[in-house]
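Novice:
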Amino acid sequence: MRTALFYDDESTGFPLFKEPSEDPRQPHIFQIAAELVDLDTRRTIASMNQLIKPAGWVIPPDVEALTGVSTERAAMFGHDAKDVLAMFFKMWSMATEFRVAHNEQFDARLVRIAILRHYQDNAFADQWKAGAAFCTCTAATPIVNLPPSEKMKAAGRNNPKQPKLSEAYEFFTGQPLRNAHDAGADVAACRLIYFALLDHLTKAAT
362 MRTALFYDDE
372 STGFPLFKEP
382 SEDPRQPHIF
392 QIAAELVDLD
402 TRRTIASMNQ
412 LIKPAGWVIP
422 PDVEALTGVS
432 TERAAMFGHD
442 AKDVLAMFFK
452 MWSMATEFRV
462 AHNEQFDARL
472 VRIAILRHYQ
482 DNAFADQWKA
492 GAAFCTCTAA
502 TPIVNLPPSE
512 KMKAAGRNNP
522 KQPKLSEAYE
532 FFTGQPLRNA
542 HDAGADVAAC
552 RLIYFALLDH
562 LTKAAT
């Protein structure tokens, strides 16, 4: 059986990419969702979707407005970060092939920050960083072929804009993505996009 881990996380802000992952100003993950998927049957074998209980930090109002998750909701229904991460890494250990996310580099950095914050384990953080990964955003960019943004054009870049998860989902399904920015909904959308990409590339090759 060939398996892959599809995952998504929601956080209190954007990673400070120019700062070390250990920097205490780095954002906190407050929701993680994942699906362990059989790549041959395309069936989900196991799944998780967990909130993390805040420990001295808050979810900013703009993030709450985007995700629908408040500090109070996370405190009421969330679990200890280490418990949630342990479940997530157990699922990752069962993936025989790779992990998959939309804008995977972004989500991977957030997980690396969490590893160093909660485990202080540089070796494991490096193992995570080096893990095999597939980014549906990167793979979908030339296929969705969105026009460059005004910012891109101002910088002299005329290549296609990377599609947001909702844009890629709508391109491949013809339907708007519902409940975007809920990690569970985003993982399901990422899984659909991944297999749609495979089907598109297979069809193009025949």
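Under our numbering, the first residue of the sequence shown is numbered 362, with each subsequent residue one higher. All residues carry an ideal CB built from backbone N, CA and C; glycine is no exception.
Output yes or no for whether 7 Å exceeds the beta carbon distance between Leu507 and Pro521.
Specialist: A contact, by the Cβ cut-off of 7 Å.
Novice: Please classify Met452: is it buried, with 16 or more other beta-carbons within 10 angstroms of its beta-carbon, or exposed?
Specialist: Counting of Cβ neighbours within 10 angstroms places Met452 among the buried residues, the total reaching 16 or more.
Novice: Is Ala436 near Pro415, with beta carbons less than 7 Å apart?
Specialist: yes
Novice: Looking at Thr373 and Val424, is the spacing between their C-beta atoms short of 7 Å?
Specialist: yes
Novice: Strictly under 7 Å for the Cβ-Cβ distance: is Ala442 near chain C by that measure?
Specialist: Any reference to chain C falls outside this structure, which holds one protein chain only.
Novice: Which one or two residues does DSSP pair with Lys522 in a beta bridge?
Specialist: Paired residue(s): Leu507.
Novice: Does Thr499 pass the burial test, meaning 16 or more other C-beta atoms within 10 Å, or should it be called exposed?
Specialist: Exposed, by the Cβ-count rule.
Novice: Which partner residues of Phe533 appear in the DSSP bridge assignment?
Specialist: Answer is none; Phe533 lacks a bridge partner.
Novice: Between the Cα of Gly417 and the Cα atoms of Lys379, Ala529, Pro388 and Ala394, which residue gives the shortest distance?
Specialist: Pro388
Novice: Tell me the rounded alpha-carbon separation between Leu471 and Glu380.
Specialist: 13 Å
Novice: Quick one: complete alpha helix (DSSP H) runs, 4+ long, within the segment 422-461?
Specialist: Scanning the segment 422-461 from its first residue to its last, the whole alpha helix (DSSP H) runs of 4-plus residues come out as 422-428, 432-438 and 442-454.
Novice: Suppose the cutoff is 7 Å on Cβ atoms and the five residues either side in sequence are ignored; what does the same chain contact list for His561 look like?
Specialist: Ile504
Novice: In angstroms with no decimal places, state the Cα-to-Cα distance between Thr502 and Ala557.
Specialist: 13 Å
Novice: Report yes if the C-beta distance between Ser527 and Ala546 is below 7 Å; otherwise report no.
Specialist: Not closer than 7 Å, so no.
Novice: When you compare only the Cα positions, how much space is there between Leu572 and Cys551?
Specialist: No statement about residue 572 is possible, as the shown extent of the chain runs from 362 to 567 and does not include it.
Novice: Does the Cβ of Leu427 have 16 or more other Cβ atoms within 10 Å, making it buried, or fewer, making it exposed?
Specialist: exposed
Novice: Of all the options Ser382, Gln411 and Arg434, which has the alpha carbon lying nearest to the alpha carbon of Ala394?
Specialist: Between Ala394 and the set Ser382, Gln411 and Arg434, the nearest pair of CA atoms involves Gln411.
Novice: Taking only runs of the alpha helix (DSSP H) that begin and end inside the segment 461-494, which ones reach a length of at least 4 residues, in chain order?
Specialist: 465-479 and 483-491
Novice: Verify whether the separation of the beta carbon atoms of Val548 and Phe495 is less than 7 Å.
Specialist: no
Novice: Compute the Euclidean distance between the alpha carbons of Lys490 and Arg473, then round it to the nearest angstrom.
Specialist: 7 Å
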